[in-house]
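The numbering of the sequence shown is my numbering, which starts it at 224 and goes up by one.
Think of the CB as a built atom: it goes at the ideal place given N, C-alpha and C, for glycine as much as any other residue.
Computed from a prediction, not measured in an experiment: that's the story for all the values here.
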Amino acid sequence: MKAVSLDLDGTIVDMSFANRVWLEEIPRAYSLRHGLPLEEARRVVKEEYDRVGDGRLEWYDLHYWLKRFDLGVEPQELFERSREAVRVYPEVPEVLRWLKERGYRLLLLTNAPREFASFQLRVLGLEDCFDRFFSSFSDFGKIKRSEETYLTILRECSLLPSELVHVGDHFEHDYLVPRRVGIRAFYLDRKGKTSGEFVVRDLREFRDKLANGFG
């Protein structure tokens, strides 16, 4: 095993920042722009999100939504308003150090647009922790439910499937899809609703699995 790839939202950072941007700041901007009460704006925005759904690329595209809702704001403005909501899971720095010390190449793989993910990494000072950073949306025009995303990363990093292990909190995108192309994957279930040999509760448990020979 030569490399470890990690998801971002729900794996390295909690969902506070994403929720703040998508569920608070965008509805607030919609409310101000279109003269609606905030609760009504939240309802309209949520209905539009649901209409598109997370299986389509547009769902992840902040610029698409800012234009669709005619909000007249830039992404960076929403990010700055949400800065204090960027939160790393407590075990992350320790586990990243452990992986680095043992010579693993560290890859970051997220569905989030690059500017969305980069802002969080800058706030947390984690930009230099990863050898490669991939936004499946920005770099490949795909989401992680596509097997081609993982195959492209293998090619980009000159890795065989057996040389990479992936961990993330989306059962399909982070577990089922990489396993279909021969990558060993772990499903990160922080809520503890699932059990199994390749299910972990946090990244310390993932680290311990690697230390004990899994992956």
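Give me the residue from the options with the minimum Cα distance to residue i.
i           : options               : result
residue 233 : 396, 274, 403 and 355 : 396
residue 261 : 250, 271, 270 and 269 : 250
residue 377 : 329, 257 and 300      : 329
residue 334 : 275, 372, 297 and 325 : 372
Which class does residue i belong to by DSSP, given the choice of helix, strand or coil?
i           : result
residue 410 : strand
residue 418 : coil
residue 357 : strand
residue 397 : helix
residue 274 : helix
residue 333 : strand
Can you grab the Cα-Cα spacing for the pair residue i / residue j, in whole Å?
i           : j           : result
residue 281 : residue 246 : 16 Å
residue 381 : residue 224 : 13 Å
residue 404 : residue 393 : 17 Å
residue 431 : residue 256 : 50 Å
residue 358 : residue 337 : 5 Å
residue 367 : residue 384 : 16 Å
residue 433 : residue 306 : 33 Å
residue 370 : residue 238 : 25 Å
residue 413 : residue 258 : 39 Å
residue 402 : residue 236 : 23 Å
residue 293 : residue 407 : 43 Å
Go through its chain and collect everything with a Cβ distance to residue i's Cβ below 6 Å, but skip five positions before and after it.
i           : result
residue 356 : 331
residue 390 : 229, 409, 411 and 429
Short of 7 Å in beta carbon distance, which residues of its chain neighbour residue i, apart from the five on each side in sequence? Order them along the chain.
i           : result
residue 344 : 350
Inset, instruction - Evaluate contact between the region 270–290 and the region 317–329, counting only Cβ atoms and requiring at least three cross-stretch pairs below 8 Å. - result: no
Inset, instruction - Decide yes or no for the touch test of the region 413–431 against the region 306–314: beta carbon pairs closer than 8 Å, at least 3 of them. - result: yes
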